[in-house]
Amino acid sequence: ILDDVVWSVSRTGTITPVALLTPITLSGASIGRASLHNLSRFHELLLSRDCSVEVTRRGGVIPMVERVVQRIDGAAPFTVPTSCPACGGDVVVRSEREAEFLMCALPSQCQQARISSLEHFAKVTDIQGFGPKVIEQCVERALLGEPADFFTLKHEQLRTLERLGDKSAHNLVEAIAARDRL
Numbered sequence: 122i123l124d125d126v127v128w129s130v131s132r133t134g135t136i137t138p139v140a141l142l143t144p145i146t147l148s149g150a151s152i153g154r155a156s157l158h159n160l161s162r163f164h165e166l167l168l169s170r171d172c173s174v175e176v177t178r179r180g181g182v183i184p185m186v187e188r189v190v191q192r193i194d195g196a197a198p199f200t201v202p203t204s205c206p207a208c209g210g211d212v213v214v215r216s217e218r219e220a221e222f223l224m225c226a227l228p229s230q231c232q233q234a235r236i237s238s239l240e241h242f243a244k245v246t247d248i249q250g251f252g253p254k255v256i257e258q259c260v261e262r263a264l265l266g267e268p269a270d271f272f273t274l275k276h277e278q279l280r281t282l283e284r285l286g287d288k289s290a291h292n293l294v295e296a297i298a299a300r301d302r303l
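Residue numbering for the sequence shown follows my numbering, starting at 122 and increasing by one per position.
Here it is as structure tokens:
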């Protein structure tokens, strides 16, 4: 059962619809969220609250809404946001490979897109310890704005973050230094 649709902002500024479902067990995993892939697919499905949907785990992993099984008579379909759900800025629709994608018009100024981009950088460069909460605090305190800023972070700056003490701050600085030496 589809409870709601939320819009998630990626590191590139792509705004992806995500289905919030009444939790189900699928292939041994509890599923409460499923991708709606892109704007084109969202429009094709004509989703409304409380409709029944078919969900599969593509590749055995990623939950995807495949189709609507039963619609609710008279239910209003979900709508597309007219502004970025993260920063409130303008949105644009871009066509790519025969599909439409909703985008934040200025992802470089969208805090959520920047946070996601920094998380991605930390992950692909294998800088351990920089999860979403730490990166979000660093962005809010203007310690991080772009990937190069990781290499300027100091122990004194990091130890002032919530839930980080001297040891954790030291470990983060060491994780950065280990990547910098490569």
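The beta-carbon is built from N, C-alpha and C at its ideal position, and this holds for glycine as well.
From the DSSP output, read off the bridge partner residues of Asp247. The partner list for Asp247 (beta bridge, DSSP) is empty, contrary to what the question assumes.
Can you check which of these residues, Cys259, Ala150, Leu285, Val139, is closest to Thr181 by C-alpha distance? Strictly speaking, residue 181 in this sequence is Gly, with Thr absent from that position. Out of Cys259, Ala150, Leu285, Val139, Ala150 has the C-alpha closest to the C-alpha of Gly181.
For Arg162 and Glu295, the rounded distance between their alpha carbons: Rounded to whole angstroms, Glu295 and Arg162 show a C-alpha spacing of 44 angstroms.
Thinking Leu279 and Leu293 are a contact (beta carbons under 8 angstroms), I'd like their distance in whole angstroms, please. About 5 angstroms; that satisfies the 8 angstroms criterion.
CB-CB under 8 angstroms to Ile297, same chain, minus the five flanking residues each way: which ones, in chain order? Only Ile248, Phe271, Phe272, Leu274 meet the Cβ criterion.
Let me know if Thr133 comes out buried or exposed under the rule of 16 or more other beta-carbons within 10 Å of its beta-carbon. Exposed, since its Cβ has fewer than 16 Cβ neighbours within 10 Å.
Say whether the segment 174–191 touches the segment 205–213, bearing in mind that this needs 3 or more beta-carbon pairs closer than 8 angstroms, one atom from each stretch. No contact exists between the segment 174–191 and the segment 205–213.
On a CA-only basis, which of Cys231, Val255, Leu142, Leu147 is nearest Leu157? Give me that one, please. The candidate whose alpha carbon is nearest that of Leu157 is Leu142.
Assuming Leu123 and Arg170 form a contact by the criterion Cβ under 8 angstroms, report the distance between their Cβ atoms to the nearest whole angstrom. The beta-carbon separation of Leu123 and Arg170, rounded to 7 angstroms, stays under the 8 angstroms limit for a contact.
Reduced DSSP category for Val190 - H, G, I as helix; E, B as strand; rest coil: Val190 carries a strand assignment under DSSP once its states are collapsed to helix, strand and coil.
Can you tell me whether Gln233 is buried or exposed? The criterion is at least 16 other CB atoms within 10 Å of its CB, across all chains shown. With 16 or more Cβ atoms within 10 Å of its Cβ, Gln233 is classed as buried.
DSSP three-state assignment for Asp287, whether helix, strand or coil: Note: Asp287 maps to helix in three-state DSSP.
Entirely enclosed beta strand (DSSP E) segments - the segment 143–199, minimum 3 residues: Listed in chain order, the beta strand (DSSP E) elements of length 3 or more contained wholly in the segment 143–199 are 150–156, 173–179, 183–191.
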